[in-house]
Amino acid sequence: MPNRMPEPAGLLLDRSETVEFSFEGRTYAGYKGDTVASALLANGVGVLSRSFKYHRPRGPLTMCGQDSNTLVQIGHVPNRLADQTTVAPGMTVRAQNYWGSLENDRLALLGLLHRFMPVGFYYKAFHKPRALWPLWEKVIRRLTGLGTIAPDAPHGYFDKAYLFPDVLVVGGGPAGLAAAIQAADAGGEVLLVDENRALGGALNYARFDADGALADQRKAMLLRELQARPNIQVMSDTLCNGWYADNWLALVRGNRLYKVRARALVLATGSYEQPLIFHNNDLPGVMLGSAVQRLIKLYGVRPGSRAVVATANSDGYGVALDLAQAGVEVACIVDLRADPPADELTAAAARRHLPVLVGATVWEAEPEGRNMGVRAARIARITGEGTCAASADSFACDLIAMSVGYTPAAPLVYQARGRVRYDEESAMFALAELPAHIFAAGSLSGAFNLDAALEEGYRAGWQAAGDAGFGFGPEPACVNPKDAVGRTHPWPIFRHPKGKDFVDFDEDLQVHDLENALTEGYEHIELLKRFTTNGMGPSQGRHASVPAVRLVSKATGAAMDETGNTTSRPPVGQVKIGHLAGRAFEPVRYTAMHFRHLELGAKMMPAGLWLRPEYYGAAPTRSEAIRAEVKSVRENVGLIDVSTLGGLEVRGPDAAEFMNRMYTFAYLKQPVARARYVMMVDIGGVIVDDGIACRWHDDHFYVTATTSGADAVYRTMLWYNAQWRLNVDVTNVTAAYAAVNIAGPQSRAVLEPLCEGVDLSKEAFPYMGVREGHVAGIPALFLRVGFVGELGYEVHVPASYGEALWDALMAAGQSHGMRPFGVEAQRLLRLEKGHIIVSQDTDGLTTPHEADMAWAIAGKKPFYVGMRSVSLQAEGRLTRKLVGFEITDRAAPQPKECHLVIRGDEITGRVTSVAFSEALEKVIGLAYVASDQADEGSTIEIKVDGGERVPAAVVKLPFYDPDGARQEM
Amino acid sequence: MKIINCPLNGPRNAQEFVHGGEVVAHPDPHRCSDAEWADFVFMEENRAGVVREWWCHVATAYWFIAERDTVKDEFLRTYDPSELFRDRVEFTRPDPPPDPDPPLDPDPPLDPDPPLDKEA
Chain A
1255 MPNRMPEPAG LLLDRSETVE FSFEGRTYAG YKGDTVASAL LANGVGVLSR
1305 SFKYHRPRGP LTMCGQDSNT LVQIGHVPNR LADQTTVAPG MTVRAQNYWG
1355 SLENDRLALL GLLHRFMPVG FYYKAFHKPR ALWPLWEKVI RRLTGLGTIA
1405 PDAPHGYFDK AYLFPDVLVV GGGPAGLAAA IQAADAGGEV LLVDENRALG
1455 GALNYARFDA DGALADQRKA MLLRELQARP NIQVMSDTLC NGWYADNWLA
1505 LVRGNRLYKV RARALVLATG SYEQPLIFHN NDLPGVMLGS AVQRLIKLYG
1555 VRPGSRAVVA TANSDGYGVA LDLAQAGVEV ACIVDLRADP PADELTAAAA
1605 RRHLPVLVGA TVWEAEPEGR NMGVRAARIA RITGEGTCAA SADSFACDLI
1655 AMSVGYTPAA PLVYQARGRV RYDEESAMFA LAELPAHIFA AGSLSGAFNL
1705 DAALEEGYRA GWQAAGDAGF GFGPEPACVN PKDAVGRTHP WPIFRHPKGK
1755 DFVDFDEDLQ VHDLENALTE GYEHIELLKR FTTNGMGPSQ GRHASVPAVR
1805 LVSKATGAAM DETGNTTSRP PVGQVKIGHL AGRAFEPVRY TAMHFRHLEL
1855 GAKMMPAGLW LRPEYYGAAP TRSEAIRAEV KSVRENVGLI DVSTLGGLEV
1905 RGPDAAEFMN RMYTFAYLKQ PVARARYVMM VDIGGVIVDD GIACRWHDDH
1955 FYVTATTSGA DAVYRTMLWY NAQWRLNVDV TNVTAAYAAV NIAGPQSRAV
2005 LEPLCEGVDL SKEAFPYMGV REGHVAGIPA LFLRVGFVGE LGYEVHVPAS
2055 YGEALWDALM AAGQSHGMRP FGVEAQRLLR LEKGHIIVSQ DTDGLTTPHE
2105 ADMAWAIAGK KPFYVGMRSV SLQAEGRLTR KLVGFEITDR AAPQPKECHL
2155 VIRGDEITGR VTSVAFSEAL EKVIGLAYVA SDQADEGSTI EIKVDGGERV
2205 PAAVVKLPFY DPDGARQEM
Chain B
6 MKIINCPLNG PRNAQEFVHG GEVVAHPDPH RCSDAEWADF VFMEENRAGV
56 VREWWCHVAT AYWFIAERDT VKDEFLRTYD PSELFRDRVE FTRPDPPPDP
106 DPPLDPDPPL DPDPPLDKEA
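Taken in order, these protein sequences are the chains called A and B.
Take 1255 as the starting number for the first sequence in the working numbering and just add one per residue.
Take 6 as the starting number for the second sequence in the working numbering and just add one per residue.
Put into structure tokens, the structure is as follows:
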């Protein structure tokens, strides 16, 4: 590690442990705590990647994860940030975006062709002829990829967590620490997050005073105060990745996504240091002043041997002092300002005799062979805005540090719809207005003076706590000057005749690219962004945005404020698909008999939120199992769990009137102890649900609803009655009841011996009757209904008795050879009876007339929901109809659900249900057909898999037992 | 995610609610024109500005009314529907034209063989 400084440099390092990893096939050693980038720089490796378009070598720019130069492939994961990812033993790191080798990228020749690849090149060059698009796409994708995806990568475990602090502080620098401390004193729960490993922000690396001691003192004080407050939860290494409505924030740490609801939010996210734009400003070895300081202080890496520091503020002098202290020769401090004011840091630089040139800039960086580094900086006198004197002096150096200004790290402010305006005096964008419940502090809000940042932090913490309901003590005062003015140069852009003066490093955009786009008329900042892709790369305009605004403002003559900035949306930084897709909250509901089904070997299937038995048996025996279940019901007796059916209680003096309004049928005169079919249509006359209504009393109905429709039916009922104000109460009792349907010729024989207080005889309890009584000592409701078309009883009991009911019936059925049956058998049984299943045999447009359900409409009552629409449909022309069909040719392939009904070259309908009926010895089904195909005896053609058209005959429904004799036994 | 202040349950995540459309007067289904009916069924005002909407807190099945600024995406006020809907709503059919036949039975003694026990 030739560039490693001795201890104590390297705050984040644990030098007791050496870590070996490989980069581009070569093995390197770093210390525990090193990032990939710092370990490589310590070993003299400065090139980490190739640029997107011209394949120029690139090295670290920010050392804090804010540029795309350090995106590398680590193992099977592409696009990891080398300056944020710590090294691990055996880690395999590869550079991205090159062809050949990183050092000798054959595509670097593209740089020579830049004249022929102007901005908008792809739009312009490849749009004709259209036939070649796929070819070009393939070539371009090959040239511009960012890492490779390994399809066989092992799956990771990603999950989500939820936090509810009173005050969330984003940013653990001086202002954020102060805010957390102050808010905690007020008594609320405080959550402090920082994307870095170590709290302290700039206190960890920046120099605030001549001897560099102030930062450490302040940090020690703040961390002591922080630790003394147990109501502060600290999450470091955590990226706050987005702001959503009402302070709902996304935090990403490792493989976990935290969703945080904060009563009040303090943003102390700091600022992004901005690059200087000059010829070859993208060479490895050209980096931000703060990156230089991070390397020295955090990682103990000497970033070069001879440095030029380009600056426009006193922070650059701090960088020069740090370099000198680290043993790097400072060739020159180049101050862009003509007349820099003297302060503590400039004085300290003068005491160390660091050479200073004022009123000058780095005009060019001279590349080291094949652009792999910097050989010298050519420095020229500034003659005007963006212009320099013709002569330039060359200063040999291998490092150029840039400290020419800042822009607030405001993505979260933008996302929260805070207002930002351009401040001419400081030449920076500044926060103008923050939404309710959001407060800001530190350099984000322009406080660059350390003590001002602390004061603002205390105040923001106090404000946020008060906002969250924790008022405490007097408002902390802010007396120190913010010192935002004099930090940022208003025109750090030096357009070079030979170009390579990069504005956007991600997209290889140079000054003339933006100027050309402006000339072509893309003068709106949002249009310019989209046409040039400025700021659209992985670094999201953190460095490219403000220069673009400056260039637009200059070209159009509009003020910076008028020009505005581009919109910022979540995410702020990287987010993995796993974070979004990882473990979600998907509840499933079990019926009371669930575990009995499992014991019987049921294959479970989802039905709405519920799980229901599809059939009982092992998967290879599926069709035999279903066949046996069907046979058992038709010839003997079967038992099915129907607990998932919706159950609604409608009670009150207006119960019958309410039923009459909600459903299409007539209910005022429905006799007590009888059931009646219910069909609900929506306001547009489309079938939305069905079931049966049992009348227990004049003012008490128990209504069933479909498994998946029950909740919506319940809500719809409540919505209407919120307006009608009928004297009725509706309760959803779906989960309060467990229910079974015992069906088949032997069902009465099985049930009868268990019953008390209910006479099951045909005369006493006819078809469509409903009774109360006891079964096996369990209070129960008996509904004599016939969905499957055989003698049968639905038995509804309180859910807590569900398992006992199942056990009692199964025991009683044993001597009769009773089988449990599942949803698949029930589907076939009801299909044989021609009963529709709402949402399988109906869609979002099915009307009662199309489904041949006009018999369920009481057209003469005063009102039901959708009545007007249904009567309009009756007047109009029917375009399709749901009919029964059969295929008697045993050799013909069996259609599947959703296969199309075709006439000539026209689609006239589709199959909604289809199955082979053992009882009828033919394929039967339901299908939509054109209304002129709907008559009994017409032949339709169904296009099956493979394209063959199978003829089918339209027949009358039901297929089985048309007189209903079996269910009325 | 937004927070909606439910009049019954207090402030809750928007995820717990469903939107029930604009609060609009239902036209008299027997007396309005076809065009009025179609407009009621198919059209939404979709106004930019302050609108009055139905919202339902799903877990408690409680419907309420919200006044919301669709431009600022802000809930201004939420309240129980009884503030707007105080009186029982009745529906009547228009007087039938003179008819020599006996009067219509609004609830015919139907007892067909309906399909029952629905699942889906």
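Note that CB positions come from ideal geometry on N, CA and C, so glycine has one too.
Predicted, not measured: the structure shown is a model, and the values here were computed from it.
Could you check whether the Cβ of residue i sits closer than 8 Å to any Cβ belonging to chain A?
{"i": "Asp92/B", "result": "yes"}
{"i": "Met48/B", "result": "no"}
{"i": "Asp44/B", "result": "no"}
{"i": "Ala66/B", "result": "yes"}
{"i": "Trp60/B", "result": "no"}
{"i": "Asp39/B", "result": "yes"}
{"i": "Gly25/B", "result": "yes"}
For residue i versus residue j, is the C-beta distance shorter than 8 Å?
{"i": "Gly1441/A", "j": "Phe1693/A", "result": "no"}
{"i": "Ala2079/A", "j": "Glu1883/A", "result": "yes"}
{"i": "Val1829/A", "j": "Ile1531/A", "result": "no"}
{"i": "Leu2082/A", "j": "Ala2207/A", "result": "no"}
{"i": "Glu2048/A", "j": "Asn1995/A", "result": "yes"}
{"i": "Val1540/A", "j": "Met1656/A", "result": "yes"}
{"i": "Tyr1712/A", "j": "Gln1436/A", "result": "yes"}
Taking residue i as the reference, give the member of the options with the closest Cα.
{"i": "Thr1523/A", "options": "Leu1685/A, Lys2016/A, Phe1849/A, Gly1900/A", "result": "Leu1685/A"}
{"i": "Pro1557/A", "options": "Thr1316/A, Ala1695/A, Ala1362/A", "result": "Thr1316/A"}
{"i": "Ile9/B", "options": "Thr83/B, Glu50/B, Ala43/B, Asp33/B", "result": "Thr83/B"}
{"i": "Ala1872/A", "options": "Leu1590/A, Val2183/A, Leu2099/A, Ala1856/A", "result": "Ala1856/A"}
{"i": "Ala1342/A", "options": "Asn1333/A, Gly1354/A, Ile1328/A", "result": "Ile1328/A"}
{"i": "Val94/B", "options": "Tyr1668/A, Asn1890/A, Ala1976/A", "result": "Ala1976/A"}
{"i": "Gly1300/A", "options": "Asn1333/A, Asn1257/A, Asp1268/A, Gly1901/A", "result": "Asn1257/A"}
{"i": "Gln2000/A", "options": "Cys2009/A, Ser2069/A, Glu1274/A", "result": "Ser2069/A"}
{"i": "Gly1945/A", "options": "Thr1918/A, Gly1938/A, Asp1952/A", "result": "Thr1918/A"}
{"i": "Lys1752/A", "options": "Tyr1571/A, Arg1360/A, Glu1620/A, Arg2084/A", "result": "Glu1620/A"}
{"i": "Leu1400/A", "options": "Ser1292/A, Asp1413/A, Asn1458/A, Arg1304/A", "result": "Arg1304/A"}
{"i": "Trp1716/A", "options": "Trp1617/A, Ala1695/A, Asn1703/A, Leu2037/A", "result": "Ala1695/A"}
{"i": "Arg1850/A", "options": "Asp2061/A, Ala1690/A, Gly1998/A, Glu1598/A", "result": "Asp2061/A"}
{"i": "Gly1900/A", "options": "Ala1992/A, Tyr1869/A, Arg1823/A", "result": "Ala1992/A"}
Compare the C-beta of residue i against all C-beta atoms of chain B and say whether one is closer than 8 Å.
{"i": "Ile1937/A", "result": "yes"}
{"i": "Pro2116/A", "result": "yes"}
{"i": "Gln1977/A", "result": "yes"}
{"i": "Arg1472/A", "result": "no"}
{"i": "Ser2123/A", "result": "yes"}
{"i": "Leu1980/A", "result": "yes"}
{"i": "Tyr1968/A", "result": "yes"}
{"i": "Asn1986/A", "result": "yes"}
{"i": "Leu1972/A", "result": "yes"}
{"i": "Trp1502/A", "result": "yes"}
{"i": "Tyr1917/A", "result": "no"}
Taking the C-alpha atoms as reference points, what is the distance between residue i and residue j?
{"i": "Leu1241/A", "j": "Val1573/A", "result": "In this structure chain A extends from 1255 to 2223, so residue 1241/A is not present and cannot be described."}
{"i": "Leu115/B", "j": "Tyr1968/A", "result": "Low per-residue confidence applies at Leu115/B: pLDDT is 45, beneath 50, and the placement is therefore not dependable enough to give any value."}
{"i": "Val1347/A", "j": "Met1682/A", "result": "38 Å"}
{"i": "Gln2221/A", "j": "Lys7/B", "result": "53 Å"}
{"i": "Gly2043/A", "j": "Gly2113/A", "result": "28 Å"}
{"i": "Phe1955/A", "j": "Trp1864/A", "result": "25 Å"}
{"i": "Pro1314/A", "j": "Leu1542/A", "result": "9 Å"}
{"i": "Glu1853/A", "j": "Ser2054/A", "result": "19 Å"}
{"i": "Val1290/A", "j": "Thr1615/A", "result": "32 Å"}
{"i": "Cys2152/A", "j": "Arg2164/A", "result": "5 Å"}
Indicate whether at least one CB of chain D lies closer than 8 Å to the CB of residue i.
{"i": "Leu1417/A", "result": "In the displayed structure, chain D is absent; the protein chains listed are A and B."}
Could you tell me how far apart the beta carbons of residue i and residue j are, in whole angstroms, since I believe they sit closer than 8 Å?
{"i": "Gly1266/A", "j": "Val1424/A", "result": "Correcting the residue type first, residue 1266/A is Leu in the shown sequence and not Gly. Their Cβ separation, rounded to whole angstroms, is 21 Å, which puts Leu1266/A and Val1424/A out of contact at 8 Å."}
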